[in-house]
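Beneath this line is the structure, given in C-alpha cells, with notes to follow.
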Amino acid sequence: NAGVTQTPKFQVLKTGQSMTLQCAQDMNHEYMSWYRQDPGMGLRLIHYSVGAGITDQGEVPNGYNVSRSTTEDFPLRLLSAAPSQTSVYFCASSRNNIPGQGASSPLHFGNGTRLTVT
Amino acid sequence: AQSVTQLDSHVSVSEGTPVLLRCNYSSSYSPSLFWYVQHPNKGLQLLLKYTSAATLVKGINGFEAEFKKSETSFHLTKPSAHMSDAAEYFCVVTLYSGGGADGLTFGKGTHLIIQP
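Heads up: the sequence lines are chains G and S, in that order. Residues are numbered in the working numbering as their position in the first sequence, beginning at 1, plus a constant of 31. Residues are numbered in the working numbering as their position in the second sequence, beginning at 1, plus a constant of 1352.
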C-alpha cells in the first residue's frame, strides 16, 4: 500500500526554470492538496482539489498551477521558479473534505519534495 | 476570526516524564480536530483525531488528547516521554467557516525536545 507518493525527493532549479512536482495516491481519495513548509511559518496551502476536474486556490497560489485530470494524480507546476519558492512541498490526500462543512477525514501526507531555487 | 493556536513553539522534557502540548481553537461550532507528528525529513503522520464521539481520544505511540469544549482546547499528552517522540507536532482544526481556504487550519507547530 503506497499511500501518497511524491517525486522527486530533491530538486535544484535555476531562477526562471519550470518544473512539475508529481503527486499520486492509490487510496481513491477525492480530496488532494499541496502545501509548502517554511521555517517558522508552518504549513501553507497552495492549491487543493475536492475531486477530478475541480481545483481551487489556497492561501499562497501565486506562481503555481495545478490540474486534476484523474482521481489519483495531482501535479503541481512551477511556471517560472523564483528563489522565494525554495521550500519543502508536501502533497496530501483524504477521503473527503468539503470546505465549510466543518468535518474532514484525516490527511495522508507524502514524504515531501525539497526544492531549492538558485 | 477563527483560529488555531499552539501555545508553545518549543517544549523540552526529560525522558520518562510527562508530555503536554497545548492547542486552543476559536470556533462557534464543534469542529473536527487532529494532531499530527512530523519526524525530520518526513511527511506528517496522523497521531489521533476527534470527531464528536468520546472527548478523550487515544492515539498511536501512547499519546492521547482531551477535547474540552468549554475551554476550546485539545491538548496532547503522553504519560512518559521516549527519545523517539522528539519531533514537530501540529494541531489541525476543521472549521465550519473561516480558517484556511479549504476549511482546514494548521497550528504553527510545537517542537518537542526530549532530554536524555
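Cβ coordinates follow ideal geometry from the N, Cα and C atoms, glycine included.
So what's Tyr1437 (chain S) in DSSP terms, helix, strand or just coil?
Taking the second sequence and counting its residues from 1, the one referred to as residue 1437 (chain S) is at position 85. Note on identity: in this sequence residue 1437 (chain S) is Asp, with Tyr being the wrong assignment. Three-state result, Asp1437 (chain S): helix.
Taking only beta-carbon atoms, is Ser1378 (chain S) less than 8 Å away from chain G?
Numbered from 1 along the second sequence, position 26 holds the residue referred to as residue 1378 (chain S). False, the Cβ-Cβ gap to chain G never drops below 8 Å.
Using 8 Å for Cβ pairs, my map puts Val119 (chain G) next to Gln68 (chain G). What's the rounded Cβ distance?
Working through the first sequence from its first residue, we reach residue 119 (chain G) at position 88. Working through the first sequence from its first residue, we reach residue 68 (chain G) at position 37. About 5 Å; that satisfies the 8 Å criterion.
Any beta-carbon of chain G closer than 8 Å to the one on Phe1419 (chain S)?
To locate residue 1419 (chain S), count along the second sequence from 1; it is residue 67. No, Phe1419 (chain S) lies away from the interface with chain G (no Cβ there is under 8 Å from its Cβ).
Tell me whether Asn1413 (chain S) sits in a helix, a strand or coil according to DSSP, three-state version.
Numbered from 1 along the second sequence, position 61 holds the residue referred to as residue 1413 (chain S). Three-state result, Asn1413 (chain S): helix.
Give the range of the beta strand (DSSP E) segment to which Arg1374 (chain S) is assigned.
Mapped onto the second sequence, residue 1374 (chain S) falls at position 22. Segment: none, Arg1374 (chain S) is in no beta strand (DSSP E) and carries neither H nor E.
Quick check for students: name the residue ranges of the alpha helix (DSSP H) that lie wholly in the segment 50-105 of chain G, counting only runs of 4 or more.
Within the segment 50-105 of chain G, no complete alpha helix (DSSP H) run reaches 4 residues.
Closest to Leu1464 (chain S) by C-alpha separation, out of S:Phe1458, S:Lys1430 and S:Asp1437, would be which residue?
Here the question's residue 1464 (chain S) lines up with position 112 in the second sequence. Minimum Cα distance to Leu1464 (chain S) is reached at S:Asp1437.
Between the beta-carbon of Val1444 (chain S) and the beta-carbon of Thr1457 (chain S), is there less than 8 Å?
Here the question's residue 1444 (chain S) lines up with position 92 in the second sequence. Here the question's residue 1457 (chain S) lines up with position 105 in the second sequence. Closer than 8 Å, so yes.
Helix or strand or just coil, what does DSSP make of Ser115 (chain G)?
In the first sequence, counting from the first residue as 1, residue 115 (chain G) sits at position 84. DSSP places Ser115 (chain G) in helix when its eight states are reduced to three.
DSSP beta-bridge partners for Thr1457 (chain S)?
Along the second sequence, one-based indexing puts residue 1457 (chain S) at 105. Answer is S:Val1445, bridged to Thr1457 (chain S).
List the whole-angstrom C-beta distance separating Asn1376 (chain S) from Ser1432 (chain S), where the pair is believed to meet the contact cut-off of C-beta under 8 Å.
In the second sequence, residue 1376 (chain S) corresponds to position 24, counting from 1. In the second sequence, residue 1432 (chain S) corresponds to position 80, counting from 1. No, Asn1376 (chain S) and Ser1432 (chain S) are not in contact; Cβ-Cβ is about 25 Å, not under 8 Å.
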